[in-house]
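Q: Take the sequence shown: its position 123, counting from 1, is numbered 123 in full-length UniProt numbering, and each next residue is one higher. The structure under discussion is supplied below as structure tokens; questions concerning it will follow.
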Amino acid sequence: MTVNITMAVVLAGLYTVGFYLLMQRSLMRVILGIVILGHGANLFLQVAGGPPGEPVFAGSALIEAMVDPLPQALALTAIVITFALTTFLLALAYRSWALLGHDEVQDDVEDRRIREAERRREGMDESDEPDTEPAEAVAGFEAPEASEEVPR
1 MTVNITMAVV
11 LAGLYTVGFY
21 LLMQRSLMRV
31 ILGIVILGHG
41 ANLFLQVAGG
51 PPGEPVFAGS
61 ALIEAMVDPL
71 PQALALTAIV
81 ITFALTTFLL
91 ALAYRSWALL
101 GHDEVQDDVE
111 DRRIREAERR
121 REGMDESDEP
131 DTEPAEAVAG
141 FEAPEASEEV
151 PR
């Protein structure tokens with residue numbers, strides 16, 4: 001079997017763009033990345049299936065001329081899964097937009113606390129990382145005030 005260079009480049013481009021968009025902070029870009037990855041997976045399955053051939057019916061053609069139906073069945077399954085995942089993610093993005101007014105994914109407050117604790121253990125300053133917000137600025141989190149009195 002020969003490798004089609006054009007399809008290999010198109011597949012590499014689809015996967016590159018898909019993974020790039022998947023790593024963005026905007027939910028719409030994440031959804032577009034998943035859709036593009038789904039298209040790349042479908043194209044990969046069709047390329048892996050080989051060149052077109054005769055349909056698989058008993059007695060209709062020689063066995064060597066018949067095409068393998070498995071990649072086509074997997075591509076149909078991948079289309080259904082990608083569609084279902086896309087509609088679910090669109091519903092989540094709409095809900096996020098309705099509740100928060102934007103579609104940006106924010107860091108988890110607990111993740112930031114763990115990261116800051118690890119930096120303190122390693123002896124790093126918070127100024128080593130550019131453009132970071134304090135944990136209190138994330139998602140309206142307010143740190144509890146330290147009180148002078150100790151409860152008994």
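For glycine and all other residues, C-beta sits at the position ideal for the given N, C-alpha and C. Just so you know, these numbers come straight off a predicted model, no measurement behind them.
1. For Val67 and Ile36, I'd like the C-alpha separation in whole angstroms.
2. Determine whether the beta carbon atoms of Asp103 and Leu27 lie at a separation below 8 Å.
3. I need the straight-line Cα distance from Glu110 to Val80, nearest angstrom please.
4. Leaving out five residues before and five after Asn4 in sequence, what residues of the same chain have Cβ atoms less than 8 Å from its Cβ?
5. Ignore the nearest five residues each way along the sequence and tell me which others in Leu31's own chain have a CB closer than 8 Å to its CB.
6. Considering only DSSP beta bridges, list what Ser26 is partnered with.
7. From this set, Met23, Asn42, Phe57, which residue's C-alpha is nearest Ala75's C-alpha?
8. Is the beta carbon of Gly33 sitting closer than 8 Å to the one on Phe19?
9. In angstroms, rounded to a whole number, what distance separates the CA positions of Arg112 and Trp97?
10. Let me confirm a value: Ala84 is counted as buried when at least 16 other C-beta atoms fall within 10 Å, else exposed. Which label applies?
A: Reading it off the structure:
1. Indexing the sequence shown from 1 puts residue 67 at position 67. Indexing the sequence shown from 1 puts residue 36 at position 36. Answer to the nearest angstrom: the Cα atoms are 27 Å apart.
2. Numbered from 1 along the sequence shown, position 103 holds the residue referred to as residue 103. Numbered from 1 along the sequence shown, position 27 holds the residue referred to as residue 27. For Asp103 and Leu27, yes; Cβs fall inside 8 Å.
3. The residue given as residue 110 occupies position 110 in the sequence shown. The residue given as residue 80 occupies position 80 in the sequence shown. Spanning the two alpha carbons is a distance of roughly 36 Å.
4. For the purposes of this step, residue 4 is identified with residue 4 of the sequence shown, where counting begins at 1. Within the same chain, Asn4 has close Cβ partners Val47.
5. One-based indexing of the sequence shown puts residue 31 at position 31. Checking the sequence, you will find Ile at residue 31 rather than Leu. Hits under 8 Å: Thr86, Leu89, Leu90, Ala93.
6. Taking the first residue of the sequence shown as position 1, residue 26 is located at position 26. Answer by DSSP bridge pairing, in chain order: Glu104.
7. Translated into positions along the sequence shown, residue 75 becomes position 75. Nearest option by C-alpha distance: Asn42.
8. For the purposes of this step, residue 33 is taken as residue 33 along the sequence shown, with counting starting at 1. For the purposes of this step, residue 19 is taken as residue 19 along the sequence shown, with counting starting at 1. Contact flag set, yes.
9. Taking the first residue of the sequence shown as 1, we reach residue 112 at position 112. Taking the first residue of the sequence shown as 1, we reach residue 97 at position 97. Between Arg112 and Trp97, the C-alpha separation is close to 23 Å.
10. As a working note, residue 84 is residue 84 in the sequence shown. By the 10 Å Cβ count, Ala84 comes out exposed.
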